[in-house]
Amino acid sequence: MADERADNFTVKFGRYARTLDYQDGQGHITFTFDVSPKGNKCFYLETGGAKQRALIGTRFDAAVERAKKFLESCGYEVEIYDPV
């Protein structure tokens with residue numbers, strides 16, 4: 353059975369520059385982003401890599417995808433930056 357708490361979520365621009373706030377029933381995640389060399393309409397979404405993934409657990413991949421879709425819905429091209 354899927355966890356319904358993770359199905360209700362919000363993604364919005366954060367209070368601080370170059371941040372996204374992701375919130376679901378299991379808690380809050382802050383993502384950072386930066387302009388890619390491709391220009392102002394293309395962002396790198398910085399995920400924090402394996403350490404961040406291990407801390408957050410199974411909902412992390414869904415949170416990254418939802419944050420990416422949010423930026424795309426705002427008209428940005430998005431590349432995932434996932435350091436090792």
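The opening residue of the sequence shown carries number 353 in this note's numbering; numbering runs sequentially from there.
All C-beta atoms, glycine included, are put in the ideal place defined by N, C-alpha and C.
The structure presented is a predicted model; accordingly, all values stated were derived computationally and were not measured.
Problem set entry | glutamine 375: first and last residue of the uninterrupted beta strand (DSSP E) it sits in | For the purposes of this step, residue 375 is taken as the residue at position 23 of the sequence shown. Note, glutamine 375: beta strand (DSSP E), 371 to 376.
For this session: Look up tyrosine 381 in the DSSP assignment and give the residues it is bridged to.
Result: Position 29 of the sequence shown, counted from the first residue, corresponds to residue 381. The question names tyrosine, but residue 381 is isoleucine in the sequence shown. In the DSSP assignment, the residues bridged to isoleucine 381 are Tyr374.
Problem set entry | proline 435 CB to nearest heavy atom of the ligand ZN below 8 Å | The ligand ZN is absent from the structure shown, which contains no ligand whatsoever.
Problem set entry | Chain-order list of residues whose beta-carbon lies under 8 Å from that of lysine 393 (same chain, five-residue window excluded) | Along the sequence shown, one-based indexing puts residue 393 at 41. The residues are Gly427, Tyr428 and Glu429.
Exercise. Given that a residue counts as buried once 16 or more other Cβ atoms are within 10 Å of its Cβ, and exposed if not, what is leucine 397?
Worked result: Translated into positions along the sequence shown, residue 397 becomes position 45. Buried is the call here.
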